[in-house]
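Order-wise, the sequence lines are chains A and B. Just so we're aligned: the first sequence equals residues 35 to 539 in this note's numbering. Just so we're aligned: the second sequence equals residues 6 to 1029 in this note's numbering. C-beta: ideal position from N, C-alpha, C; glycine also. Reviewing the structure listed below.
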Amino acid sequence: MKYIYKYAIALFLGIGVLATSCNLDVDPRQSIDANGALDTPDGLEAALNSVYARLRAESNYGRDMFALSDALADVGRTTNNSGRLIGENNNNPGAHFTAGFWQNSYFAINEANLILDQISSGVEGASAAQLSRWEGEAKFLRALYYFDLVKVYAYIPTAVYEPGVTDEGGVPMPLEGSITSDIAFTRNSPRASVNEIYTQVYSDLNDAINLLSSAGRSGPQYATEGAAHGLLSRVALYRGDYQNAVSAATAALGSSAGTVLGGMDYVSGWRAAEHPESMFEVRIQLAAEALGVNVSLQSSFTTLLNLDNKNAQGGWGDFIPGPRVLDFFGLSQVQIDEPGTDSNNWDVTRNDDVRGFLYTTGNTVRNAGRQIESIKFVSKAGFAFGDNIPVLRKSEMHLNRAEANYHLGNVGDALAELNAFKGLRGLEDVNLSGDELLEEILNERFKEFAFEGQRFFDLKRYGRDINKTYLSANNVLPFEDFKVLPAFPQREVDGNPNLNQNRGY
Amino acid sequence: MRKILLLGLAFLIASASAFAQGRVVTGTVTSGEDGLPIPGASVVVKGTTIGTATDLDGNFSLNVPQANNTLVFSFVGSEMQEVNIGNRSQINVILQPDTRSLEEVIVTGYGTQPKREVTGAVSSVKGELIENLPMQSFDRALQGRAAGVQVRSSNGLPGGAVNIRIRGVGSINAGNEPLFIVDGVQLNNQANSSLTQANPLAFLNPNDIESMEILKDAASAAIYGSQAANGVVIITTKKGKAGKARFEFNAFAGETEPMKYLDVLGGSEWYEMRRDALTRGGDGIARARALSNMGRLPSNWQSLSPEELDAVGEALPTYDWQRELMGRGRLQNYEMNVSGGDDKTQFFLSGSYNYQESSFRPVDFERGTFRTSISHKANERLTLETNINLSTVSQNVPFAIDGAFLGNPAFSASAVLPHNPIRNEDGSFNEAIGGVLGQNIALVNEFNSGSTRRNTVVGNAIASYKITDNITYRALFGIDYYFLQEERYTDPRTPDGAGVRGRASAFNDWRSRFINTHTVNWNKTFNGVHNVSALVGYEFVSETRQGLNGQAIGFPTFQFRYIDSGAEPVFVGGFWTGYRRQGAFVNANYNYKEKYLFTATARYDGSSRFGANTQYGLFPSVRAGWNIAMEDFLKDSEIVTDLKVRASWGRTGNDQIGNFAARGLYGAGGNYANSAGIRPTSLANLELGWETNETVNLGLDYGFFSNRVTGSIDLFDRRTKDLLLNQPVLWTNGFGSIANNVGELQNRGIEFEIGTVNIDRGGFQWRTSFNFTYIKNEIVSLFDDLEFIAGAAGQQLAVGQPVGNPPFPGSSAPGAWFQAEYAGVNPATGRPMWLDADGNRTYLPIAADRRYFGSSLAPYYGGLNNTFRFKGFELTAFFTYEYGAVVSDGQYNFLRENGTRLTLNALREVNDRAWVNPGDMTDIPRTYVTAAGNANELRSQGRNFGTASLLKADFIRLAQLTVGYTFSPTLVRNLGLTRARIYAQGLNLWTYSDYPGYDPEFVGAGTGQIPITRNYTVGVQLGF
C-alpha cells in the first residue's frame, strides 16, 4: 500500500513537471524579427513610411524647423502665453535646436540606410519599378535629413566663421544601415566635412531625380522628381553653387510638382488642406498624428482654433510677428464691429501685399491678450493642430533662381524674376541693382517664408548678425557668437571619441 | 488570542476537580509582561491531577487536599512556577514570560524555520505591528520597520506606488523590485495603470496579514533564484484556528489633511515683484506690463500715471487657491472576520471595505476585499488547503500623476497667480484667469472625470502528502490575475476639451500569471544530535498580459461621457506580451545539536526573456551559523540569552527587463499618409543573460538579560555583476541603447536592530525598538573602461558614484547629480553665479565645469518605535528617518524661479530672500525679466541652473502615534464580547525637516505630484 502511494505521488510529480516544462519560447505578437523584416515589398514599403513619418516629429518639421528656427531669427517675438520659445527667441545659451532633432534625424537616416542596404541586396517579389521608386524616395529623404542636419549644426558654405578656430566640419555621415550590435557598438563616425555632406546630398538628390523620373508616384506627400529638383535648387543656393541652383530651379519649375499661385488664389492656397504650391509637404493625415495644443505649428503661431469663430479657444499663440513683418504688410489691429469683446469683431489693416491676409488678430483667451498672429496654419486639414507642412513650395524656385542669377551676374534675369514674383503678390515692380537688388530679393524671401523657417538660415548663409533690438536693447546675436550653432547632444560627444563638440559648449 | 483559546479547556478542568476534599485556596494569576490577569492559566496541585484554570479575570479557586502543599502554575508562553502554599488561602502569582520556549518561527523559502536556526539575514514584521494603519498596501507599512528595507511613498495618491528598496539599488535598468509572495504565489507588482498609480499590492487588506518576512541576503533568497536579486518579501496571511467560531469586528474612521500649504505671494505682492523684475529687465512700461501679465491692465492705461497704475496693482486681492483645491479627506475602514473549525478542518473568512480620499478631490481609493482560507486534513497523510483573495479597487484618478500641466491641480494650486478669483460673484467659475496658468483649475477639476477599477484574484490550491513520516510532497497551484479598466473624460466645458468637444479614453488591461510549484521535503535526526533536512522542487511561472484601448472626440454634450458617444475615434490600440520561467531547486540543512548550522541551496532557472544561448542560470548559496548560546558555557547564563553568529554567501538573478529585450525587432510605428509604418525597435543581443547579485553577509543575533535586550547586526557586501544595462548606442547608429550585460554595482552596508524592554514594573511597560541602516552605493565599473554614462538632465551614471533611486517599478535608476556648483549671487549685481572647473565664479558655466553632488538614494535610514503599556492603556510612537538623499523637486523649482520666467506664483520665503540692493548676500538672484519675457540675465544661465535647484531631503518623521485602551475582559463579557479595544491614531503628525517644498518624501520629478498627507483616525476592535 505504502509503495502504491509512493508511485502515485511520483507519477503525479512527474506529470506536473512534464506538462509545464516544455520550453521557454515566447514570441512577441506586435513585432517581427528584424532579420528579414524588409525582405518583402510590403515590409519595405512600411519601413519607408516610417522615414517620412519622422519628418512629422516636433523636433523636425512638426514644429522646430519652422517655429523654433524663426524664433532664433528676427521674424517675431514671443507672447509668454505658454512660456515656450522665449529662450530661443532671445538666443539664450542652450536654447536652440534640440537633441531630439539630432536623434530623430539620425534614426530616420538609419532607417533609410537600412532600406537602401536591403534594396541593394534585393527584395523578394519586388518589381524593378518598385525598387527604383523606393531607392529614389529613400535617397530624397536621406538627402533632406542630412541637409537639415548640416545647415543646423554647421556653418553654411557661403559663410563660415573660423578666424582662429579650426573648422569643426559638418556632422557625422553614416551611409550604411546599423541593425546589429557590432555596428551599433563600434561605429564612431567622425564629423564629415561640410563639403562632403553637400556632395553626398547632391549625389542622393541626383539619384532620386533619375530614379523617380520614371518610377515616381504623385502627390506632394511623397518624394517626386520635381521635389528632388526643388530641394537640389535650395541646397545649391546654400552651397553657393549658383549655376546648379538656377538649373535645378528651372527644372523644378518645369516639373509637375506644385503650382505657383498669385493674387487671392495664393491666399486661398493657404486654406486648402493640401497646399497647391507644395512640391513636397509633410502629411498629417489623422487627428491622432497632430502634435496637439502645446507644440503644433498652429498652436505655436495662433490662439485661434479656426477661422470660423475667433472666440473659440485654440492654441497658445506663443510666437507672433515682429515689427518687420507687421511693417511688410501694413498690419495693425483694427476693430471692425461692436462689441469689442467679441474677437470676431477685430481684424488687421493690410497694404497691397496679398500676404497680409495670412495674418489676423487672435483672441483674448490667453494671457497676452489679443495679438496679431500668423494664420498660415489654422486647422486647414479639418481638425485642430494638424496642418500639413509644406517643406518645399514652388514659389521658392523663383526666389532661388533670382538670387542665384544675381550672384551669377545675370542681374537683368534676377530683377525680372523678382518683379514677376512681386506681381503675383500684388506688389509694384522695383528697379534696383547691386546690393539693393540682393537685399530686395532677400526681403521678398523673408516676406514669403515668414513662419516657414527659412529666415534664420538665410541670415546664417550670409553671415549676418541677428538684430533683435525690438525685443530689448542690445539684443543682437553677432554672427561670430557661438550660439549661432547649437550644441551637439552631449551624450554623442561623450560616447564618440571621434566627435568634436561645437565651439563654446 | 491565546488567552481566549484556552478558555474552553479551563472550564473542563474546573469541572473535573470539583469532587476533591480539602481546603480552598483562591488567588489571581497575572502576567509579568503587561500586568494583566491571565485567563486560562493552569493551576495544578503538584503530584496530582487535581487542578483548575483561571477565569477571565485570572482568578482561581481550588480545593487543595490537606496532604499537598505545592501548587504549579503554568501558561503557554510563560515560565512554570511552583508555589508553596503554607498556611495561606490567598495566593497571587505573577507569571513571567518564558523567552526560551516562546520560539519564534520564521517563514523562509518554501518552508519555515525556528528563528534560532536561521542563518541568513531575515527580518520579520508581525501583522499586529501594522494593524489598523490607514494604509492601502502593506508595502507602505514596512517603512522604518526593518533594517535594510527602505520604503518611500512615491506621492500622496491613496493606493499609489510605493518605492521599496531592500539593501539599496542593485540594478540600473533591470528593475529593483523585490519579489512579493503571498501564500506561495509570486506576484507581479507592476501597476500598468495609464491614468493613476494603482499599486497591485493594495489588493490585500493589510489586516489580513499574519506576518511578513523579508529575505535580505542573497543566500536566504537564492532558493528563489532568478527573482530574488532585490530581496524577497514573503507574506503569510491569517489562517483559521480550530475551535468555536470566533468573530472579530474592526472599524476605524478619520480624516486626511495636507501636511503643508506653501506660503505663496498675494496679489499685490506679486504685482510689485513683477513690476520690479520688469524694471530691472529694462522695460519702460514695467507697471503696465506687470498688470498686463496679470490680465488686469486698465484699457486707459496709457493715460494713467505710474502712481495710478501702482494703485491698481496694490489693490489686487488675494485668493487662496491651495486651500480651495486641497483639503481634508475622509477615510474609513470596516472589516469583519471569522475563524474556527475542528481538528480536521479550519477556516478563516474575512471581508473588508476601505475608503480614503486624498488631499486633492476627487482623487480617492475604495476597496472591497473578500478572503477565504480553508484547510482540510483528508486523512493522516493528505492535507488540502486553499487560500483565495478577491478584491476590487476603484480609484478616482488625478488629472495627472505628475507634471507641469495647466489642468493638474497639484501643480497649479500653488502656482496660479493669486489675484485670480476662483468664482464669480454669482457662484459660477471665473474663467478669465490671468497668468500663464490660464485655466480655472477648480473648474477643470470639477468637470473632468476619470476612474480606474482593478479586480484582482490571488489564490492557491495546495495539496501536501506525507509519503512517509519524514517525507512530504507538496504541490501548489497559484494564480495572480487582474483586470484593469480605466476611463477618462475631458469635459468639453474645460479649455482642453473645448477644441475637440470632449475627449474620452478607455483602457483595459488583463494580466494573468500562473505558478505551479512542486516540492518534496525530507528530514531526519541521527543519533539525536545530527539533524538533517532537505528539499527539492520544481517551479513554473507563465505570465501573459494584453490590453485594448481607445479614444474618441466630438461629444454631443458634456452629459455624454462614454467613449461610444464620440463622433470621431482618435485611436484604437492593443498589445500582447508574455513570458515564462522555470526552475529546479534544492535545499539542504544540517545542524549538530542545533549549535552548528549549515545550509546550502541551489537553483537552476531559465527565463524566456534572455537570448537563446543564455536562457539558464545557476544560483547557489551557502550559509553557516554558530549558536553560541547553546554551548554549555552559556547555556545557563542569565546575561546572555541568545547569541548566534552567522555567515552567508549567495548568488541571485534578475530578469526584470522587457519581455523581448534580447530580440532584434521591427515594430509598428511611423504610419504615414494613411498607410502603416514599421521601424526597428530594438537591437538583438543573443548573448543577453542574467544579471547576478552576489551578497556576502556576516551577522550576529543577540539577546541579553532574559532577552530584555534583543537584536541583530548585519554587515553585507552586495555586488551586482553583469548588469542588464541599457548600454547607450550613439544616436548616429540608429538606436538609443541596447540591453547588455556589462558593469558592476555595489551596495555595502551595515544594518543594526535592537529591541529593549526599558521598564517592566508594576504593570507599566516601556519597550523600544530601533533600527539603523547605512548603505554605500557605488558603481564599480561600466563598460569599455568608460567612466560615465550621461543620464537624465543633470545626472550621470559614473564609476565611483552612487546611483539614484528609481522612482517607479520598471523605471531605471537615475545617476548621481553631475552639475555645475551654484555659487550664490554676486552681491554687487544680484546675478547668479556658478563655479567653473578651476573654482572661479562664472555666469556661464560649461559642460566641463560639472561635478558630482550625491544622488536621490538616501544612504542612512531607519525607524524608532516606542510602546508604553499600563493596565489596559497603550501608547505607540513610531518615528522614521532618512538622511543623505539629494533631490530636485520640480514643483519647488518652478516656484523658485520667483515668477520670472513664467507668470507663476512665487514662494514668500524665496521672494524675501531675493537680492535687492548691492551688498545683499543671498542665494536667490534678483528678480529679473525683460519685456519679452526672458528671465535669463544677458549671457547667463537660468537661475535654477546647476546645483541651484538641488535640495537635501533629510527628515525625521513621527510616522505613527497611537493611543489605545483595551477594556478589561470582565467588563466586556457582560456585553457578550471577548475583547474590546478603542484607539485614536495619527499618521505623519510631525516632521523635522528644513525642506522648502511640500514634503521631502516623494520619488520622481516632484512636479505636480500629490504630496503625502497627515491622517487622523479613531477605531474600535471587537471580538465575540
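Do residue j and residue i have their beta-carbon atoms positioned less than 8 Å apart in this structure?
i                            : j                         : result
phenylalanine 174 of chain A : leucine 89 of chain A     : no
isoleucine 111 of chain B    : valine 123 of chain B     : yes
alanine 484 of chain A       : isoleucine 683 of chain B : no
tyrosine 195 of chain A      : alanine 438 of chain A    : no
valine 546 of chain B        : glutamine 191 of chain B  : yes
alanine 936 of chain B       : leucine 283 of chain B    : yes
threonine 952 of chain B     : glutamate 783 of chain B  : no
leucine 138 of chain B       : alanine 151 of chain B    : no
threonine 337 of chain A     : glycine 348 of chain A    : yes
glycine 1002 of chain B      : tyrosine 897 of chain B   : yes
isoleucine 55 of chain B     : proline 44 of chain B     : no
leucine 489 of chain B       : serine 363 of chain B     : no
Given this structure, state the Cα-to-Cα distance separating residue i from residue j, to the nearest angstrom.
i                        : j                         : result
serine 612 of chain B    : valine 701 of chain B     : 25 Å
glycine 121 of chain A   : leucine 341 of chain A    : 30 Å
alanine 409 of chain B   : threonine 1012 of chain B : 6 Å
glutamine 400 of chain B : tyrosine 324 of chain B   : 30 Å
serine 106 of chain B    : arginine 772 of chain B   : Because the pLDDT at serine 106 of chain B is just 47, under 50, the model does not fix this residue reliably, and the value given afterwards should be weighed accordingly. If I take the Cα positions, the gap works out to 21 Å.
aspartate 348 of chain B : arginine 566 of chain B   : 56 Å
leucine 912 of chain B   : tyrosine 266 of chain B   : 11 Å
alanine 940 of chain B   : glutamine 488 of chain A  : 27 Å
threonine 975 of chain B : threonine 75 of chain B   : 29 Å
serine 333 of chain A    : glycine 504 of chain B    : 12 Å
alanine 454 of chain A   : tryptophan 380 of chain A : 33 Å
threonine 927 of chain B : tyrosine 440 of chain A   : 59 Å
On the CB-based measure, 16 or more other CB atoms within 10 Å of its CB, does residue i come out buried or exposed?
i                            : result
methionine 313 of chain A    : buried
histidine 130 of chain A     : buried
phenylalanine 560 of chain B : buried
arginine 628 of chain B      : buried
histidine 535 of chain B     : exposed
glutamine 307 of chain B     : exposed
asparagine 810 of chain B    : buried
arginine 111 of chain A      : buried
methionine 278 of chain B    : buried
List, in order along the chain, the chain A residues whose C-beta lies closer than 8 Å to that of residue i?
i                         : result
asparagine 298 of chain B : Asn114, Asn401
alanine 418 of chain B    : Near alanine 418 of chain B there are no residues of chain A at all, since even the closest Cβ is about 18 Å away, more than 8 Å.
proline 500 of chain B    : Gln347, Val399
Any beta carbon of chain C sitting closer than 8 Å to that of residue i?
i                            : result
phenylalanine 141 of chain A : Chain labels in this structure do not include chain C; the protein chains are A and B.
Per DSSP, what kind of secondary structure is residue i in: helix, strand or coil?
i                            : result
aspartate 641 of chain B     : coil
glutamate 84 of chain B      : coil
glycine 32 of chain B        : strand
threonine 952 of chain B     : helix
phenylalanine 710 of chain B : coil
Counting only Cβ pairs nearer than 9 Å, list the residues of chain A close to residue i.
i                        : result
glutamate 573 of chain B : Ala321, Phe417
serine 517 of chain B    : Near serine 517 of chain B there are no residues of chain A at all, since even the closest Cβ is about 14 Å away, more than 9 Å.
valine 734 of chain B    : Ser212, Ser215, Ala218, Phe219, Gly529
Could you list which residues in chain A have their beta carbon closer than 7 Å to that of residue i, in chain order?
i                     : result
serine 954 of chain B : What serine 954 of chain B touches in chain A: nothing, since even the nearest Cβ is about 15 Å away.
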